């Protein structure tokens, strides 16, 4: 039975950390434009996870900046805590700790705009959409195209989207 999510319900925040890919290879019939790791970022206070209905703000730092995701030719990707941003958020909001959980992987593919209005606004600018894949498929794609991912753009993964998700 699917649980209905209420609009104002407090949730965990998750982000896509995207590695750009310009190799134009095909996976499952789609032209791949990037590879993403989805992280749920969880803040804790008094041992309990803090849930949100909007993204918390701290000066000029975004909540996603608590973690840096980088492409690595040996490990494929590295997730590091930004201790300065972590300290800033914990001090401002009184949290005990901020942690993350990898919740998914996707390969982004070239797609048409989702509706006519956007197609008109974008005037032929390519769009991409995510395709969920397993960790094994994600890592295999990165390994097979390691030189294509080893670019300056991927020293710090981009964060193109935010989601509010339910977690235990």
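In our numbering, the protein residues as written are -5 to 162. Every residue gets a Cβ at the ideal spot worked out from N, C-alpha and C, and that includes glycine. No experiment lies behind these values; they were computed from the predicted model shown.
Can the beta-carbon of residue i be found closer than 8 Å to that of residue j?
i           : j           : result
residue 64  : residue 150 : yes
residue 46  : residue 7   : yes
residue 126 : residue 98  : yes
residue 28  : residue 122 : yes
residue 26  : residue 57  : no
residue 164 : residue 78  : Only positions -5 to 162 of the chain appear in this structure, which leaves residue 164 out of reach.
residue 159 : residue 5   : yes
Starting from residue i, follow its DSSP beta bridges and name the residues at the other end.
i           : result
residue 121 : 105
residue 95  : 34
residue 75  : 61
residue 70  : 66
residue 100 : 30 and 126
Please report the straight-line C-alpha distance between residue i and residue j, rounded to a whole angstrom.
i           : j           : result
residue -4  : residue 104 : Because the pLDDT at residue -4 is just 42, under 50, the model does not fix this residue reliably, and the point stays unresolved.
residue 95  : residue 114 : 38 Å
residue 170 : residue 33  : Beyond the ends of the chain as shown, which are -5 and 162, falls residue 170; an answer cannot be given.
residue 243 : residue 38  : This structure cannot settle anything about residue 243, because the visible part of the chain is limited to -5 through 162.
residue 9   : residue 102 : 14 Å
residue 153 : residue 68  : 22 Å
residue 54  : residue 155 : 18 Å
residue 70  : residue 124 : 19 Å
residue 145 : residue 74  : 19 Å
residue 76  : residue 59  : 7 Å
residue 18  : residue 72  : 24 Å
residue 41  : residue 142 : 42 Å
residue 138 : residue 21  : 12 Å
residue 90  : residue 24  : 43 Å
residue 134 : residue 140 : 10 Å
residue 136 : residue 48  : 33 Å
residue 100 : residue 14  : 12 Å
residue 3   : residue 86  : 23 Å
residue 161 : residue 131 : 24 Å
Can you name the start and end residues of the beta strand (DSSP E) that residue i belongs to?
i          : result
residue 66 : 61 to 66
Can you tell me where the alpha helix (DSSP H) with residue i in it begins and where it stops?
i           : result
residue 156 : Premise fails: residue 156 lies in the beta strand (DSSP E), 152 to 159, not in any alpha helix (DSSP H).
residue 149 : Segment: none, residue 149 is in no alpha helix (DSSP H) and carries neither H nor E.
residue 142 : 140 to 143
Does the Cβ of residue i lie closer than 7 Å to at least one heavy atom of the ligand ADP?
i          : result
residue 65 : This structure does not include the ligand ADP; it has no bound ligands of any sort.
- Query: Hey, which unbroken runs of the beta strand (DSSP E) at 3 residues or more fall wholly within the region 3 to 55?
  - Reply: Those beta strand (DSSP E) runs which fall completely within the region 3 to 55 and span 3+ residues are 6 to 14, 24 to 39 and 42 to 44.
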